[in-house]
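Written below as structure tokens is the structure these notes are about.
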Amino acid sequence: QVQLVESGGGLVQAGGSLRLSCAASGRTFSSMGWFRQAPGKEREFVASILWSSGATYYGDSVKGRFTISRDNRKNTQYLQMNSLKPEDTAVYYCNGGTVGRRAGGSWGQGTQVTVSS
């Protein structure tokens, strides 16, 4: 059974930082990513990474502020979020099998990130 478990969300002031983690179990993905969904908005691509090469992709709204990385031995990916803005407030979802900006079929339960102004 495939499981993706996120952690690291919370409340932070604008300009602050958070790091999200997503631990995968049950299978190893060749690529993974993060998406987010704010209230009343569609789910938005945030970032993805190819586990073999480390190649990364970012959404335009987070480019230069967020960094995606992975630890192959731990089967875990991370999202380092710096210079957070109130518009980054959303539920962040870990995704397994992300190809570029396209979501794969496995999702975590989501973790809330709230950025106060």
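Counting the sequence shown from 1 gives a position; my numbering is that position plus 1. Just so you know, even glycine gets a beta-carbon here, dropped at the ideal spot from N, CA and C.
By the three-class DSSP mapping on this structure, what secondary structure does residue i have?
i    : result
D72  : strand
E88  : helix
V83  : Note that residue 83 is Asn in the sequence shown, not Val. Reduced to three states, the DSSP call for N83 is coil.
A25  : strand
Q113 : strand
F30  : coil
G11  : strand
R66  : coil
So if DSSP puts residue i in a beta bridge, which residue, or which two residues, is it bridged to?
i    : result
T57  : I50
S18  : Note: S18 sits in no beta bridge, so no partner.
R44  : DSSP output for R44 lists no bridge partner at all.
R103 : V100
Would you kindly work out how many angstroms separate the C-alpha atoms of residue i and residue j, rounded to a whole number?
i    : j    : result
G97  : K64  : 21 Å
S32  : R66  : 21 Å
E45  : R37  : 5 Å
Q78  : A24  : 7 Å
L5   : S118 : 30 Å
T115 : S49  : 21 Å
R74  : Y94  : 21 Å
Write down the C-beta distance between residue i and residue j rounded to the nearest angstrom, noting that I regard them as a contact closer than 8 Å.
i   : j  : result
Q81 : E7 : Not a contact, Cβ separation roughly 14 Å.
Go to residue i, then tell me how far its beta strand (DSSP E) extends in each direction, as first and last residue.
i  : result
Q4 : 4-8
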